[in-house]
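Here is the structure we will look at, set down as structure tokens.
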Amino acid sequence: MKQSTLLLLAGAALASAQSPLYGQCGGVGWTGPTTCVSGATCVYSNDYYSQCIASGSGVTTAKTTTKTSTTKTSTTKTTTTKTTTTAAGSGGGATGLTTVVPASAGSTTLPSAKVISGTFDGGMVKYDRNPKVCEEQSETGEEDAMFILEAGATIKNVLIGPNQAEGIHCRGTCTIQNVWWLDVCEDALTLLQASGTSYVIGGGALHAADKIVQFNGRGTVSIKNFYANDYGKVVRSCGNCSGNGGPRNIIIDNVVAVDGGVLCGINTNYGDTCKITNSCQDDGKYCDRYTGNSSGAEPPKIGSGPDGTYCTTSNVSTSC
Ligand SMILES: *[C@@H]1O[C@H](CO)[C@@H](O)[C@H](O)[C@H]1NC(C)=O
Ligand SMILES: *[C@@H]1O[C@H](CO)[C@@H](O)[C@H](O)[C@H]1NC(C)=O
Ligand SMILES: *[C@@H]1O[C@H](CO)[C@@H](O)[C@H](O)[C@H]1NC(C)=O
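Residue numbers (mature numbering (1 follows the signal peptide of the UniProt record, and there is no 0)): -17 to -1, 1 to 303.
What follows is the structure, given as structure tokens:
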């Protein structure tokens, strides 16, 4: 073994935690790990943000040179091709599907959740909480969100950092466009609307130990052109909150979800539905069906996969 290799190994063993794939690994004010897990390389985006990107993957290729990967034959290349095509046809991915996290245009921290009425365009700045609230997960609620949206509000072009607990809370229907959660803490988006439809268009969420979207209200959520990587569930209807009920309708179209669980978890006893079209989940995990409970008891799971009534799929695949 060469001495340089030995030094490298020793260094890796001494270093503290390494950043996960797609995690932050550098930038002004960053105090976390500056090295990436094996298989990932720390790539500079701007002075405020460097990110762990898959080493030698199509993702890196897509970021730098978009037309040189014709000799690659892995499934990664398929994803790259799709990403590049979609992004090019939809204005750089602002509302289209992309699996490449956009570079941040700077970063800012706020001591409390920012309340939004009307439309807020974050200009691709990374928002985070300081002091951080992510580790106090025992009793988190709306106050531990990064953004609170009033009924009818729209948020777009924002990166949400790891130090908040509850991402975005929508008090009524809302529109979430090209929003990226870099490291989901408790959950990414909580919907509390009494009725109507909320929209998630473009964007993505990474590293959600549990749910990405927690649907506690009623009505419909439409998720389109969205990317999920390393997550528990993409959407879960409230399983056992007090006053539980439905129906809650979930519409998922053109979503790519890898390294995680089902796209939706629904309560059939409340008439919830999940309609999945033109989407990919790499393990073929599309839906779990539960019997929801309104008195706090654990909701029993009654089945998995499409049943043609409550959960339907069309043009879904596992190659993503
Ligand atoms: C099937 O879904 C993929 C996205 O996963 C899409 O690119 C393709 O156009 C869809 N095919 C049809 C026939 O709609
Ligand atoms: C909720 O759980 C309680 C306690 O286990 C049970 O008595 C009740 O029937 C459940 N409700 C539903 C809708 O399953
Ligand atoms: C409600 O469900 C959650 C998630 O499965 C579980 O952690 C919690 O214990 C449940 N609450 C009760 C009272 O069973």
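No residue lacks a Cβ here, since even glycine has one placed at the ideal position from N, Cα and C.
Residues bridged to residue i [DSSP beta-bridge criterion]
{"i": "Val218", "result": "Val196 and Cys247"}
{"i": "residue 315", "result": "In the structure as shown, the chain begins at -17 and stops at 303. Residue 315 is therefore absent and cannot be evaluated."}
{"i": "Leu189", "result": "Asn212"}
{"i": "Gln147", "result": "DSSP output for Gln147 lists no bridge partner at all."}
{"i": "Thr102", "result": "Thr137"}
{"i": "Asn232", "result": "Thr203 and Thr256"}
Beta-carbon proximity of residue i to residue j, cut-off 9 angstroms
{"i": "Val239", "j": "Phe209", "result": "yes"}
{"i": "Pro3", "j": "Cys25", "result": "no"}
{"i": "Asp266", "j": "Lys284", "result": "no"}
{"i": "Asn276", "j": "Asn232", "result": "no"}
{"i": "Cys117", "j": "Ile138", "result": "no"}
{"i": "Ile206", "j": "Val217", "result": "yes"}
{"i": "Ala171", "j": "Ile131", "result": "no"}
{"i": "Ser181", "j": "Ile195", "result": "no"}
{"i": "Ser90", "j": "Gly10", "result": "yes"}
{"i": "Leu189", "j": "Cys153", "result": "no"}
{"i": "Cys303", "j": "Cys263", "result": "yes"}
{"i": "Asp87", "j": "Lys109", "result": "Looking at the sequence itself, residue 87 is Ser, so the reference to Asp does not match. Contact: yes."}
{"i": "Ser287", "j": "Lys258", "result": "no"}
{"i": "Gly155", "j": "Gly135", "result": "yes"}
Per-residue burial, residue i [other beta carbons within 10 Å of its own, 16 or more giving buried]
{"i": "Asp255", "result": "buried"}
{"i": "Asp242", "result": "exposed"}
{"i": "Pro16", "result": "buried"}
{"i": "Glu133", "result": "exposed"}
{"i": "Ala192", "result": "exposed"}
{"i": "Pro85", "result": "buried"}
{"i": "Asp127", "result": "buried"}
{"i": "Glu169", "result": "buried"}
{"i": "Pro282", "result": "buried"}
{"i": "Ser33", "result": "buried"}
{"i": "Asn212", "result": "buried"}
{"i": "Leu80", "result": "buried"}
{"i": "Ser220", "result": "buried"}
Local conformation of residue i per DSSP, three classes
{"i": "Asp242", "result": "strand"}
{"i": "Tyr182", "result": "strand"}
{"i": "Asn252", "result": "helix"}
{"i": "Asp111", "result": "strand"}
{"i": "Asp127", "result": "helix"}
{"i": "Gly22", "result": "coil"}
{"i": "Leu165", "result": "coil"}
{"i": "Thr296", "result": "strand"}
{"i": "Gln176", "result": "coil"}
{"i": "Thr61", "result": "With a pLDDT of 35 at Thr61, under the threshold of 50, the predicted position of this residue should be treated as unreliable, though the coordinate-derived value follows. Helix, per DSSP."}
{"i": "Cys224", "result": "coil"}
{"i": "Cys117", "result": "coil"}
{"i": "Val204", "result": "strand"}
{"i": "Ala37", "result": "strand"}
{"i": "Leu132", "result": "strand"}
{"i": "Ser2", "result": "strand"}
Residue range of the unbroken beta strand (DSSP E) whose run includes residue i
{"i": "Phe209", "result": "Segment: none, Phe209 is in no beta strand (DSSP E) and carries neither H nor E."}
{"i": "Leu93", "result": "Ser90 to Leu93"}
{"i": "Tyr273", "result": "Cys270 to Tyr273"}
{"i": "Thr137", "result": "Thr137 to Ile143"}
{"i": "Arg154", "result": "Per DSSP, Arg154 belongs to no beta strand (DSSP E) and is neither H nor E."}
{"i": "Gly286", "result": "Lys284 to Ser287"}
{"i": "Asp290", "result": "Where Asp290 is concerned, there is no enclosing beta strand (DSSP E), given that its DSSP letter is neither H nor E."}
{"i": "Cys8", "result": "Gln7 to Gly9"}
Residues proximal to ligand 4 by C-beta, any heavy atom closer than 7 angstroms: With respect to ligand 4, the structure shown offers nothing to examine, as its ligands consist of ligand 1, ligand 2 and ligand 3.
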